[in-house]
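Everything on this sheet refers to the single structure shown next.
Numbering (our numbering), first residue to last: 14 to 149.
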């Protein structure tokens, strides 16, 4: 009889222990959710503030153009400013000032109030100037 050599049966290697990772997914999830809860109001507040500033700028720009257009068309400064105030109001802002020089340069000021998360109501004010094109 011939003897056959067979290797001894190997035992499978034990799986690495994962006890040190137990619960780490839960902690990571809690940290990410907490970061989102903290950053979301701040981001919304920043976006709302920028939007309010842009709305005030657009309203003041359009109001200044309207004031100059009406003044150059022959209306007096008071009537031109009243019409400019209508444009400012139509753009969801409050008119706070209008001045037209004798040369026809108008300066219009507009204010927008916005409710910001956490800090409450805030107001932004901006001015715009427009005038006739000068011939060279």
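A virtual CB, placed ideally from N, CA and C, is assigned to each residue, including glycine. From a predicted model like this one, the values you see are computed outputs, not experimental measurements.
Rounded straight-line distance, which links the Cα of residue j to that of residue i
{"i": "residue 53", "j": "residue 108", "result": "32 Å"}
{"i": "residue 102", "j": "residue 129", "result": "21 Å"}
{"i": "residue 82", "j": "residue 132", "result": "39 Å"}
{"i": "residue 40", "j": "residue 127", "result": "37 Å"}
{"i": "residue 50", "j": "residue 58", "result": "13 Å"}
{"i": "residue 92", "j": "residue 85", "result": "12 Å"}
{"i": "residue 48", "j": "residue 90", "result": "54 Å"}
{"i": "residue 38", "j": "residue 46", "result": "12 Å"}
{"i": "residue 115", "j": "residue 55", "result": "46 Å"}
{"i": "residue 94", "j": "residue 44", "result": "55 Å"}
{"i": "residue 143", "j": "residue 113", "result": "9 Å"}
{"i": "residue 42", "j": "residue 71", "result": "42 Å"}
{"i": "residue 87", "j": "residue 60", "result": "41 Å"}
In DSSP terms, what residue i is bridged to
{"i": "residue 113", "result": "119"}
{"i": "residue 144", "result": "Note: residue 144 sits in no beta bridge, so no partner."}
{"i": "residue 125", "result": "137"}
{"i": "residue 107", "result": "124"}
Residues of its chain near residue i, where Cβ-Cβ distance is below 6 Å and the 5 sequence neighbours each way are ignored
{"i": "residue 97", "result": "76, 79, 80, 111 and 121"}
{"i": "residue 137", "result": "65, 66, 69 and 125"}
{"i": "residue 141", "result": "73, 74, 77 and 121"}
{"i": "residue 147", "result": "none"}
Contact belief for residue i with residue j at Cβ below 8 Å, rounded distance in angstroms
{"i": "residue 139", "j": "residue 62", "result": "Not really, about 13 Å apart at Cβ, beyond 8 Å."}
{"i": "residue 145", "j": "residue 117", "result": "5 Å"}
{"i": "residue 106", "j": "residue 123", "result": "4 Å"}
Close Cβ partners of residue i (< 7 Å) along its chain, the five nearest in sequence each way excluded
{"i": "residue 134", "result": "126 and 128"}
{"i": "residue 24", "result": "none"}
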